[in-house]
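Colleague: In terms of mature numbering (1 follows the signal peptide of the UniProt record, and there is no 0), the sequence shown is residues -22 to -1, 1 to 275. Yeah, the Cβ is synthetic: ideal placement off N, Cα and C, and Gly gets one too. From a predicted model like this one, the values you see are computed outputs, not experimental measurements.
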Amino acid sequence: MLFKYLIGRPCLLSLFCSPALAAPVDNLADEAALITRADRGSVKSNPKDASFDVTGWKDISEEDCYVMLCLKGGERTWQRIDTPGMNEVNYKESGAKAVPFRKDQVPKRHTGQINPNPGVKSETNSAEEFPWESMAQGGSGANLLPATRYQQNQQGNAIKTGFRRSEVNLGEWFRITFTGDLGPICQALQRDPPDTSICKNPEESLFGKKINLNNWVWYMAKVGGSLVYYHAAGDSKGKVGKRTIPIETPTLHSEGYKFVEGRSEVVKNGDLTPIISLDEDFEDGELTEADLEIIKP
């Protein structure tokens, strides 16, 4: 009788279907979301979102997007270095510290300059590294592309700002999103899914010259006592490159000559471009005939 009475009066059961009793389930969901947010950046599968404004370094951003899209399978998730000072180690180990795109180094390194015209905003004598030296994946094996010192300085400021605003701390994983006036390769990278069709013929005007990026990307390896720069893509992939642009090599009169190398992660707002000198123990020999025999594909 009591059962029929209760069934006939659903309102008496309202206590059992009260929203208040559902709260613990909602709380669990909220707690799970909080845990996910708190854990963000600790593993690659749960990276922080990081935005970087490409204003002032659009050409370099296209180089970075090219590496991510065409050489790294559209990978946009990376890890920041976990130890202060590792960027300097990566800078050396990548081969960027040997300034392979400086005019006096181009014949020796068998590289090239996209734009040889003198000037901080025109001459591509600086080495863009990707993965960046500020990434745990940077250093040995990083791809190197010619860039201007001016854009490198602009990029350095943007990277610092992006890490700070996105709250990406040392050792944390982050997913790159470039903002601003994006070029075609960055647009293709940030589509969902990434559009790799542009990689077949990545031609565009960078640093005032129309180029195919497949012909302008290298990586460094040590052979004997020399640093060897191999093409990382295109028809010459895996081969030592030959310069294609005539250059004039300046004479360096001073033994204490230092080259101002603009690069990311070392320039603060308002600071002058730092002066970088090569360490005396840095392997910096000319390629010998024996080396060339080893290198031959």
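Determine which residues share a DSSP beta bridge with Arg143 and list them.
Modeller: DSSP output for Arg143 lists no bridge partner at all.
Colleague: Have a look at Gln83, Gly116, Ala120 and flag the residue whose alpha-carbon is nearest the alpha-carbon of Gly63.
Modeller: The candidate whose alpha carbon is nearest that of Gly63 is Gly116.
Colleague: In the structure shown, what three-state DSSP assignment does Gly202 receive?
Modeller: It is coil, neither helix nor strand.
Colleague: Secondary structure at Val77, three-state DSSP: helix, strand or coil?
Modeller: Reduced to three states, the DSSP call for Val77 is coil.
Colleague: At the level of alpha carbons, what is the spacing between Ala210 and Ser20?
Modeller: Their Cα atoms are separated by approximately 31 Å.
Colleague: How many Å lie between Glu145 and Pro85 at the Cα?
Modeller: Their Cα atoms are separated by approximately 42 Å.
Colleague: Taking the alpha-carbon of Lys200 as reference, which of Arg127, Leu148, Ser118, Val32 has the nearest alpha-carbon?
Modeller: Considering only alpha carbons, the answer is Ser118.
Colleague: Near Asp27, what residues of its chain come up, given a Cβ to Cβ distance below 8 Å and the 5 sequence neighbours on each side ignored?
Modeller: The residues are Ser144, Phe152, Arg153, Thr155.
Colleague: Within 10 Å of its beta-carbon, does Asn95 have 16 or more other beta-carbons around it, so buried, or fewer, so exposed?
Modeller: By the neighbour-count rule (16 or more Cβ atoms within 10 Å), Asn95 is not buried but exposed.
Colleague: Quick one: give me the first and last residue of the beta strand (DSSP E) that Ser183 is part of.
Modeller: Its beta strand (DSSP E) spans residues 181 to 184.
Colleague: Please list the terminal residues of the continuous alpha helix (DSSP H) segment that includes Glu106.
Modeller: Element bounds for Glu106: not the alpha helix (DSSP H) but the beta strand (DSSP E), 104 to 108.
Colleague: Could you check how far apart the C-beta atoms of Leu122 and Gly73 are, in whole angstroms? I think they sit under 8 Å.
Modeller: Going by Cβ atoms, the distance from Leu122 to Gly73 rounds to 6 Å, so yes, they are a contact pair.
Colleague: Quick one: measure Cβ to Cβ for Thr33 and Gly158, integer angstroms, because I've assumed they're closer than 8 Å.
Modeller: Between Gly158 and Thr33 the Cβ distance is about 5 Å, and since that is below 8 Å, they are a contact.
Colleague: For Ser100, which residues in the same chain have their Cβ closer than 6 Å to its Cβ, ignoring the five residues on either side in sequence?
Modeller: Closer than 6 Å at the Cβ level, and outside the excluded window around Ser100, lie Asn93.
Colleague: Are Pro162 and Leu47 touching if we call contact CB-CB under 8 Å?
Modeller: No, Cβ-Cβ distance for Pro162 and Leu47 is not below 8 Å.
Colleague: Based on the DSSP secondary-structure assignment, which residues constitute the bridge partners of Gln57?
Modeller: Beta-bridge pairing links Gln57 to Trp151.
Colleague: Measure the Cβ-Cβ separation of Leu205 and Glu40 and say whether it is below 8 Å.
Modeller: Cβ atoms of Leu205 and Glu40: not closer than 8 Å.
Colleague: Smallest Cα separation from Tyr97: which of Glu66, Thr126, Val77?
Modeller: For the sequence presented, residue 97 should be read as Gly rather than Tyr. Ranking Glu66, Thr126, Val77 by Cα distance to Gly97 puts Thr126 first.
Colleague: Among residues of its own chain, excluding the 5 on either side of Asp60, which ones have a beta-carbon nearer than 6 Å to its beta-carbon?
Modeller: Leu148, Gly149.
Colleague: Residues in its own chain within less than 6 Å of Leu167 by CB, not counting five upstream and five downstream?
Modeller: Cys43, Met46, Leu47.
Colleague: Less than 8 Å between the C-beta atoms of Glu106 and Ile38, yes or no?
Modeller: In contact: Glu106 and Ile38 (Cβ atoms closer than 8 Å).
Colleague: Return the bridge partner residues of Asp31 from the DSSP annotation.
Modeller: DSSP lists Thr157 as partners of Asp31.
Colleague: Taking the alpha-carbon positions, what's the Gln129 to Ala120 distance?
Modeller: For Gln129 and Ala120, the distance between alpha carbons rounds to 19 Å.
Colleague: Could you pull the DSSP bridge partners for Asn190 from this structure?
Modeller: Partner(s): Glu181.
Colleague: By a C-beta neighbour count over all protein chains shown, 10 Å radius and 16 as the cutoff for buried, is Lys215 buried or exposed?
Modeller: Classification of Lys215: exposed, given that the 10 Å Cβ count is below 16.
Colleague: So what does DSSP say about Lys26, is it helix, strand or coil?
Modeller: It is a strand residue.
Colleague: In whole angstroms, what is the alpha-carbon distance linking Lys81 and Asn103?
Modeller: Distance between the alpha carbons of Lys81 and Asn103: 7 Å.
Colleague: My output table needs one value for Asn121: the three-state DSSP class, helix, strand or coil.
Modeller: Three-state DSSP puts Asn121 in a strand.
Colleague: How far does the alpha helix (DSSP H) with Lys99 in it reach, from first residue to last?
Modeller: Where Lys99 is concerned, there is no enclosing alpha helix (DSSP H), given that its DSSP letter is neither H nor E.
Colleague: Thinking C-beta only, is Asn193 closer than 8 Å to Asn179?
Modeller: Against a cut-off of 8 Å, the Cβ pair of Asn193 and Asn179 comes out as no contact.
Colleague: Whose CA, out of Glu66, Gln91, Met113, lies closest to the CA of Trp56?
Modeller: Cα-wise, what sits closest to Trp56 is Met113.
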